[in-house]
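Asks: Going by my numbering, the sequence shown runs without a break in its numbering and finishes at 451.
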Amino acid sequence: MTSILIFRRPFLKKLQLALLLAVALVVPAHHVHAQPVADKKEPEQIRIGFQKSAVNLVVLKQRNTLEQRFKNSKIVWLEFPAGPQLLEALSAGSLDFGLTGDSPPVFAQAANKDLLYVGAEPPKPESSAILVQAASSIKTLADLKGKRIAVQKGSSAHFLLLQAVKKGGLAWNEIQPIYLAPADARAAFERGSVDAWAIWDPYYGAAELGFKPHVLSTGRGLSNNNSFYLAARGFAENYPATVLNLLDELTKADRYVLQNRKEVTQLIADVSGLDLATVQLFLSRRASPSPTTVIDAAMVTDQQRVADSFKEIGLIPRAIKVADIVWQPKAAAVAKQ
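Structural data, given as structure tokens:
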């Protein structure tokens with residue numbers, strides 16, 4: 115009996131390993147989640163950049179979740195008006211981790227900023243729009259020809275506008291982009307200094323309820339309006355488990371949002387200064403659920419389309435390959451249905 119047991123143990127270990135490998139091969143890529151292992155050391159601090167639209171980060175911030183999970187790290191929160199400013203801080207060494215839309219990372223990579231895509235949320239095409247005044251003569255995308263359009267340069271709304279111009283049968287040089295941060299763009303739009311405004315939530319929702327502009331187009335059919343989590347290269351490479359744990363906490367925060375919508379609406383209103391109606395509106399346009407995952411091949415392909423579109427019309431100085439800055443977790447990947 116003893117000899118049989120000695121024979122079976124190594125055989126069983128080999129069989130278990132073979133089964134794990136087989137599962138990993140047959141499960142679709144989008145169901146594969148990287149499981150963190152402990153870092154050799156924990157970061158002294160984790161500096162996180164967020165925007166008003168970063169619902170899951172705001173939930174983590176207000177509930178002190180990360181302070182509880184990373185007890186040996188100081189959590190520092192910094193708010194930004196838009197993605198380009200956030201990524202500038204990230205590349206300058208003032209941040210470790212943050213959330214932006216699809217376009218800011220493209221402009222950052224083209225400018226040789228050293229950062230990595232580490233995670234993403236599902237598309238939110240209804241969360242951005244091109245607005246015109248209710249009484250405007252602009253009725254179709256083709257009517258944007260020659261018009262002054264406010265947009266944050268290098269933002270997700272920039273790509274939305276690019277796609278809208280193309281769909282309207284226009285060349286980029288047939289419109290007049292006016293590059294303004296969201297608050298300045300709203301002021302210019304309200305006083306009539308610009309003819310249209312390309313913008314994302316919650317600024318979109320606040321404008322929609324505040325002065326009822328006409329929605330010329332949302333992102334539906336034009337832009338997936340993807341949201342990406344990025345990290346400084348050194349941070350991701352030195353603390354891979356910390357990054358994976360951050361993604362895990364973001365997915366948990368999303369579940370909390372779904373299960374506690376009334377509480378979360380009030381929480382975001384308190385942080386952002388937005389009224390409850392605006393928060394309710396922009397939350398209603400989020401994908402539901404909206405888990406955070408590592409970057410898969412489909413996301414890379416979609417993001418490459420964004421990069422190629424900006425290069426095609428000369429808005430970024432060189433062609434880039436998005437896959438070059440997509441983080442590959444070193445921790446073991448385990449298939450999970």
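Note that beta-carbon positions come from the ideal geometry of N, C-alpha and C, so glycine has one too.
1. Determine the direct distance from the alpha carbon of Asp-416 to that of Ser-423, and round the result to whole angstroms.
2. Are the beta-carbon atoms of Leu-174 and Glu-377 separated by less than 7 angstroms?
3. Quick check: what's the CA-CA separation for Thr-254 versus Ser-269?
4. Going by DSSP, which residues form a beta bridge with Thr-214?
5. Between the region 255–262 and the region 232–240, can you find at least three pairs of beta-carbon atoms closer than 8 angstroms?
6. For Ile-162 and Arg-400, what's the separation of their Cα atoms in angstroms?
7. In three-state DSSP terms, what is Ala-350?
8. In three-state DSSP terms, what is Val-436?
9. Distance check for Leu-192 and Leu-180, CA to CA, integer angstroms please.
10. Cα-Cα, which of His-272, Leu-323, Leu-294, Thr-332 is closest to Ala-243?
11. Does Arg-123 pass the burial test, meaning 16 or more other C-beta atoms within 10 Å, or should it be called exposed?
12. Short check: CB of Pro-403 to CB of Leu-372, under 7 angstroms?
13. Tell me the rounded alpha-carbon separation between Gly-387 and Asp-257.
14. With distances taken Cα to Cα, identify the nearest neighbour of Gln-247 among Lys-326, Ile-409, Ser-187.
15. Thinking C-beta only, is Pro-218 closer than 7 angstroms to Pro-239?
16. Would you call Lys-458 buried or exposed, if buried means 16 or more other Cβ atoms sit within 10 Å of its Cβ?
17. Using 10 angstroms around the beta-carbon of Ala-168, count the other beta-carbons present and answer buried if the total reaches 16, otherwise exposed.
18. Measuring only the C-alpha atoms, how far is Lys-185 from Asn-178?
19. Compute the Euclidean distance between the alpha carbons of Ala-206 and Ser-341, then round it to the nearest angstrom.
20. If you run the structure through DSSP and keep just helix, strand and coil, what is Arg-399?
21. So, for Leu-204: in the same chain, excluding its five sequence neighbours on each side, which residues have a beta-carbon less than 7 angstroms away from its beta-carbon?
22. Return the CA-CA distance between Val-329 and Leu-245, expressed in angstroms with no decimal places.
23. For Val-220, does the count of other Cβ atoms within 10 angstroms reach 16, so buried, or fall short, so exposed?
24. Give a yes or no on whether the C-beta atoms belonging to Thr-379 and Leu-395 are separated by under 7 angstroms.
25. Over what stretch of residues does the beta strand (DSSP E) that includes Ala-310 continue unbroken?
26. In whole angstroms, give me the CA-to-CA distance for Gly-283 and Ala-412.
27. Kindly list the residues whose CB is nearer than 7 angstroms to the CB of Leu-323, restricted to its own chain and excluding five residues on each side of it in sequence; keep chain order.
28. Report back the beta-carbon spacing between Asn-170 and Ala-383 to the nearest angstrom; my notes put them in contact at under 8 angstroms.
29. Look up Ala-295 in the DSSP assignment and say whether it is helix, strand or coil.
30. In terms of residue numbering, what span does the beta strand (DSSP E) encompassing Thr-254 cover?
31. Are Ser-241 and Trp-311 touching if we call contact CB-CB under 7 angstroms?
32. Taking C-beta to C-beta, are Asp-222 and Leu-201 nearer than 7 angstroms?
33. Between Ala-321 and Ser-398, what straight-line distance do the alpha-carbon atoms span, to the nearest angstrom?
34. For Gln-290, which beta-bridge partners are listed by DSSP?
35. Taking the C-alpha atoms as reference points, what is the distance between Lys-435 and Ala-249?
36. Would you mind working out which of Phe-349, Gly-428, Glu-426 sits nearest Lys-155, comparing C-alpha positions?
Replies: Result, derived from the coordinates:
1. 11 angstroms
2. no
3. 23 angstroms
4. Phe-342
5. no
6. 22 angstroms
7. helix
8. helix
9. 14 angstroms
10. Thr-332
11. Per-residue confidence for Arg-123 stands at a pLDDT of 37, beneath the threshold of 50, marking its modelled position as unreliable; the derived number appears in the next sentence. That one is exposed.
12. yes
13. 35 angstroms
14. Lys-326
15. no
16. Residue numbering for the chain in the displayed model covers 115 to 451; residue 458 lies beyond these limits and cannot be assessed.
17. buried
18. 11 angstroms
19. 21 angstroms
20. coil
21. Gly-163, Gly-212, Leu-229, Leu-344, Ala-346
22. 5 angstroms
23. buried
24. no
25. 310–314
26. 27 angstroms
27. Ala-391, Thr-392, Leu-395
28. So it is not a contact: roughly 16 angstroms between Cβ atoms.
29. coil
30. Element bounds for Thr-254: n/a, residue is neither H nor E.
31. no
32. Strictly speaking, residue 222 in this sequence is Ala, with Asp absent from that position. For Ala-222 and Leu-201, yes; Cβs fall inside 7 angstroms.
33. 16 angstroms
34. Arg-262
35. 43 angstroms
36. Phe-349
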